[in-house]
Structures are given as structure tokens and as C-alpha cells.
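Note that this note's numbering has the sequence shown beginning at 1, numbered continuously upward. We treat Cβ as the ideally placed atom computed from N, Cα and C, and that holds for glycine. From a predicted model like this one, the values you see are computed outputs, not experimental measurements.
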Amino acid sequence: MDIYKSHRIFLVCSVILMTLISCKNNFDEVKKIGVSENAPIGIAEGLNLKYTDSGRVTVNLRSPKMLDYSNRIFVFNEFPDGIDLDLFDEENQRSNVIADYAIVYDKTGIIDLQGNVVLSSTSKDTLFAEQLYFDQKREWLFTNRPVTFRTGRDVINGKGFDSDVKFTKAQVLEIDGIITLDE
1 MDIYKSHRIF LVCSVILMTL ISCKNNFDEV KKIGVSENAP IGIAEGLNLK
51 YTDSGRVTVN LRSPKMLDYS NRIFVFNEFP DGIDLDLFDE ENQRSNVIAD
101 YAIVYDKTGI IDLQGNVVLS STSKDTLFAE QLYFDQKREW LFTNRPVTFR
151 TGRDVINGKG FDSDVKFTKA QVLEIDGIIT LDE
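Quick look at the structure:
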């Protein structure tokens, strides 16, 4: 009987020990239950975001919807219904950016604007593009897609665009034609 009892104790202890060893910490996986990895972690609707610097509005972003994907390894925010963005310089002059769709990548600082992109500067220069990228760190605009750039009396059509945000170094690439308008 003692041998039978000791075998039973050994067997129970072995089962408990194996159960403890085979368990793993899956708390992070448990937290994700109910949240699809492809779904945004947050949704904002009727967005009207104003950024101020020293009490002065410098940016005003409006969008019908923003999807927050900060639950991903490569964090991004998506604006599936477009954006309307006003940028104000030191003299409170307004530049405007409009696009049908936008996506902002946090790690790279790149903003991808798509569909009927229109960028109007304070100097009344206007860029029309199918797609335009903005590098926030370098403050640089670029694309390799067709563009129309209206500057002064000239309307320049081409495939590609490269410029700083103030259009002081604006360059239309692969120019298809230039039209000079009468005043």
C-alpha cells in the first residue's frame, strides 16, 4: 500500500509539475482578444484639430474620419475620407492642402496624400497632383506622378515634382509643357 500511495503522490506531483512547466505567459495575447489585428484601435469622426505654438494657431486639420493604427508595429494614422489642412506662417499667411485620402506614418515622418491633391501656398502658387509625399523631418514635397504646377503666370505640366515646403526650390520633373497666361 505504501508503494501504491507513493506512486500516486509521485504521479500527481509529476502532473502538476508538467502543467506548471508547460504554461506560458500569454497575457499580451489575452489582452488582444476581441481586437482584430487589422482593425484600428481608435476612430475619430468630425476631426477639427488645431495646433498652437506660443498661443498662435499654426496648423488646423479637418477631416471627416481618422483611423488610429497605433496598435501596429509600424504605427500609422489613416484619413480614408480625406483631409483639409491649413498651415499658418509667422505672418499668419495661410497655405492649404486638400486630398481625398491621407496616411501618416509615425516612424518615418512621411505623409502620403492621394487623390485630387491640391496644395496652395501663401504666394498663390498651386500644385495639383494625383499623389504627393511630404517628408516632415526634411520639410520636403515629392512625387513621381503627373503634376500641374501653377506659379505666377506659368502653368507647368510634368511627371514628378520635388520641392521644399515654401516652393523656393520647386522643380517640375519631366516637363510636358509650359503655358504662360496673360495677366
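According to DSSP, simplified to helix, strand and coil, what is V75?
Note: V75 maps to coil in three-state DSSP.
Euclidean distance between Cα positions of G115 and S54:
Using only the alpha carbons, I get a separation of about 34 angstroms.
Could you pull out every residue in the same chain whose Cβ sits closer than 7 angstroms to the Cβ of G177, ignoring the five residues on either side in sequence?
Excluding residues within five positions, the ones whose Cβ falls inside 7 angstroms are N157.
Going by DSSP, which residues form a beta bridge with K65?
Beta-bridge pairing by DSSP links K65 to E45.
Quick one, which of D68, F74, A129 and R145 has its alpha-carbon nearest T108's?
Here the closest residue by C-alpha is F74.
Euclidean distance between Cα positions of G160 and T52:
Their Cα atoms are separated by approximately 33 angstroms.
Which of the three DSSP states is assigned to G158 in this structure?
In this structure, G158 counts as strand in the three-state DSSP scheme.
Give me whichever residues DSSP pairs with D86 in a beta bridge.
Paired residues: N60 and N96.
Whole angstroms is fine: what's the gap from T143's alpha carbon to D162's?
Their Cα atoms are separated by approximately 7 angstroms.
Quick check on DSSP: helix, strand or coil for R153?
Note: R153 maps to coil in three-state DSSP.
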